[in-house]
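Residue numbers (the working numbering): 771 to 982.
We put the CB at the ideal spot given by N, CA and C, even for glycine.
Everything numeric in this text was worked out from a predicted model, so none of it was measured.
Following: one structure in structure tokens, then a few remarks.
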Amino acid sequence: MLSDSVVFLLRTFRSFIAPVRRKPSDYQLTQDCGQKTQGDTADMASSFAPPTPKPELLVLDVDWTLWPFHTDMDVSPPFKKDSSGEVRDSRGKTIQPFPDVPRILDWLKGNGYTLALASRTWAPSDMERLLILLDWNKYFSYKEIYKGTKTKHFSKFTQNSGVPYSKMLFFDDEDINIHEIGRIGVMCIFVTNGLNWNLLKQGLEKFAKERS
């Protein structure tokens, strides 16, 4: 868990480099808005055939891509799963992903996609704990979770998987990461309000069309 002084410095730094950013107060708002699409996800998953060629490695950012918060700032460890199966932080806040994400991960794994996680979080142990509690590690063949640059993460991915950058597809919510990784030849999809089914579909179709 990061100290209050470190969290303050992180907030100050992020505010300086990105004046317009999501705030912790967006957490519940995002959940409420996202619930509107939850009922449609099953129908979309069953009717969508994976376009080809598929990316040989599909890489996902975590904070504000898979769930609506920054792990190193907006939630408070330790995290626990209660008797009802809900994951909560030390203040009792329920930890939930964006509504479509659980079904998306199931669908991707079930359709043979190789998945990876890339995060520049300052709280890697906290993020790893949440991945365990949510039972998500089963989906990911590769994980690079530590502060630094996304280019370092992707260098590790291609080193460990043997997949060239041109065969990768990446979803992320930060412009700086999209531009940085796009320059090395990875197809990047900008996430504006969490990964959802329509955005995934657009990304896979774009990859199939432009990398065929």
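Unbroken stretches of the beta strand (DSSP E), 3 residues or longer, contained in the stretch 884-933
885-889 and 910-915
Compute the Euclidean distance between the alpha carbons of residue 869 and residue 961, then round it to the nearest angstrom.
In the sequence shown, the residue the question calls residue 869 occupies position 99. In the sequence shown, the residue the question calls residue 961 occupies position 191. Taking the straight line from one Cα to the other gives about 14 Å.
When the Cα atoms are used, what is the spatial distance from residue 964 to residue 837?
For the purposes of this step, residue 964 is taken as the residue at position 194 of the sequence shown. For the purposes of this step, residue 837 is taken as the residue at position 67 of the sequence shown. Distance between the alpha carbons of residue 964 and residue 837 is about 7 Å.
Measuring CB to CB, does residue 848 end up less than 8 Å from residue 978?
One-based indexing of the sequence shown puts residue 848 at position 78. One-based indexing of the sequence shown puts residue 978 at position 208. For residue 848 and residue 978, no; Cβs fall outside 8 Å.
Considering only residues of the same chain and omitting the five flanking positions on each side of residue 940, which have a CB-CB separation below 6 Å?
Here residue 940 corresponds to residue number 170 of the sequence shown, with the count starting at 1. Here the set comprises 829, 951, 956 and 958.
Count the CB pairs spanning the stretch 881-890 and the stretch 849-867 that are closer than 8 Å, and state whether there are at least three.
no
I need the DSSP call for residue 957, collapsed to helix, strand or coil.
If you number the sequence shown from 1, residue 957 lands on position 187. Strand, per DSSP.
Closer than 7 Å by C-beta to residue 845: which residues in its own chain qualify, once you throw out the five before and the five after it? Chain order, please.
Counting from 1 along the sequence shown, the entry for residue 845 is found at position 75. So the list reads 839, 859, 863 and 865, once near-sequence residues are dropped.
Could you tell me which of 919, 906 and 980 sits nearest to residue 938, measuring between CA atoms?
Taking the sequence shown and counting its residues from 1, the one referred to as residue 938 is at position 168. Ranking the options by Cα distance to residue 938, first place goes to 980.
Taking the alpha-carbon of residue 816 as reference, which of 825, 967, 982 and 914 has the nearest alpha-carbon?
Residue mapping note: residue 816 aligns to position 46 of the sequence shown, counting from 1. Cα-wise, what sits closest to residue 816 is 967.
Since I believe residue 888 is in contact with residue 986 (beta carbons under 8 Å), could you give me their beta-carbon distance rounded to a whole number of angstroms?
Because the chain is modelled from 771 through 982, residue 986 falls outside the range shown and cannot be assessed.
Do residue 896 and residue 841 have their CB atoms nearer than 8 Å?
Taking the sequence shown and counting its residues from 1, the one referred to as residue 896 is at position 126. Taking the sequence shown and counting its residues from 1, the one referred to as residue 841 is at position 71. Result yes, Cβ atoms of residue 896 and residue 841 sit closer than 8 Å.
Three-way DSSP call (helix, strand, coil) for residue 836 in this model:
Working through the sequence shown from its first residue, we reach residue 836 at position 66. DSSP places residue 836 in coil when its eight states are reduced to three.
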